[in-house]
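Below: the structure, in structure tokens.
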Amino acid sequence: MRNTCRLLLVLVLAAILPGTASASMLGMAGSYNGFIFNDFTSYFSDTEGRLAAGGDVNLMSYGVGNKLPAGSSGDVLTVGGDLRAVGGQVYHGNARVGGHAYTAGFNVVGEQRNGAGMDIDFDAEETYLKALSASLADLPGNGNTTYTRWRAFELAGDSSDLVVFNLKGADLARASGFNVTGIGEDTTVIFNVSGRVGHMGGMQMFLNGLSNEILSYSDKFLFNFYEAKMLDISFFKAAGSILAPYADVTGQWGAVHGTLVASSYFGTTELEYNPFTGEIPEDPGTSVPEPGTLVLLGLGLAGLGITLKRRRA
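The sequence shown begins at 702 in my numbering and counts up one residue at a time.
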């Protein structure tokens, strides 16, 4: 019943909150390589797709949007607060800055608008993504998870449309790597990771024992750090997107092949263009009623109020 209510809540939020309508399960964030609710700071690196941050953005020798498809337009860099940038470039589009811009040697190929209104409701997107994270955490695990004496994960799926692995954050922090088996080309894989402090650095990911194959499946991989307040992804090439809506994320000299969703970000980790295309089936192991009536809409909103009150308590 709890799983059903969580998933119903997410469906209701997706339907009523402005800006969340999107082909991606991640809502508006699915159109971005980096989607940060507060401040974003990075240097000597790049975000290959679009980047949006609700707070200040601080950049040095940094590129944004260089791997977007030819002909891309619109806002490639969105900054809710102030922009401070020394060296670098925004490719294929515009920069929209809600506050002031202090730049030197920072080129925007399109138009830069300072003091502009936001076309992203960061508060609404944050609410939606936190609800999504909680609902995914409640999904029943159907993947077999083994933590070996060599400090490695063996993760075996059953080739179904959705495979969910439940991982302990403490084990993941000590892991040297993990190997994923038993997934198909169209399988969406959710890695639910527990723990208030997350660490996913300095390890390798394998698919069927091969490191060079996992990237071809990574557009359907999602790491859900549903409890993390802090997350370190240094020296790690993450094959998949990361949903860490409560976390201050740090990362040095690694890469995220997908979308990074976080409260804030600081570091040099490269965000590589690889839009998340995973989907949750209509029946992910629990009965999910269709929110097609006003009664269900009211129940969903009531559930949202209860959830928010509990989180604030």
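For each residue, glycine too, the CB sits at the ideal point set by N, CA and C. Owing to the predicted nature of the structure, the values given are computational and were not obtained by experimental measurement.
Between the region 893-910 and the region 871-885, the count of C-beta pairs closer than 8 Å reaches three or more; the two stretches touch. Tyrosine 848 is bridged by DSSP to Phe854.
By the Cβ-count criterion, tyrosine 803 is exposed, with fewer than 16 other Cβ atoms from all chains shown falling within 10 Å of its own Cβ.
Following the DSSP letters along the chain, one finds leucine 873 in no beta strand (DSSP E) but inside the alpha helix (DSSP H) bounded by residues 870-875. Shortest Cα-Cα distance from asparagine 734 to any of Asp920, Tyr947, Asn913 involves Asp920. Among the bridge pairs identified by DSSP, phenylalanine 936 is matched with none.
Put simply, the backbone Cα of phenylalanine 866 is about 10 Å away from that of threonine 847.
Within the DSSP bridge table, the entry for alanine 838 names no partner.
Measuring C-alpha to C-alpha distances from glycine 755 to each of Val809, Phe823, Ala948 identifies Phe823 as the nearest.
Under the three-state reduction of DSSP, isoleucine 915 is assigned to helix.
Just measuring C-alpha positions, the residue of Ser732, Ala940, Ala857 sitting nearest asparagine 913 is Ala940. In this structure, the beta-carbon distance from glutamate 980 to threonine 889 falls below 7 Å. Going by DSSP, proline 946 is part of the beta strand (DSSP E) stretching over 942-952. Closest in C-alpha terms to aspartate 862, from the list Phe879, Gly968, Gly844, comes Gly844. Residue state for leucine 778 is assigned as strand, using DSSP reduced to three classes. As the crow flies, the alpha-carbon of histidine 793 is around 30 Å from that of aspartate 887. Looking only at Leu944, Ser965, Val777, Asp949, the smallest Cα-Cα distance to glycine 728 is reached by Leu944.
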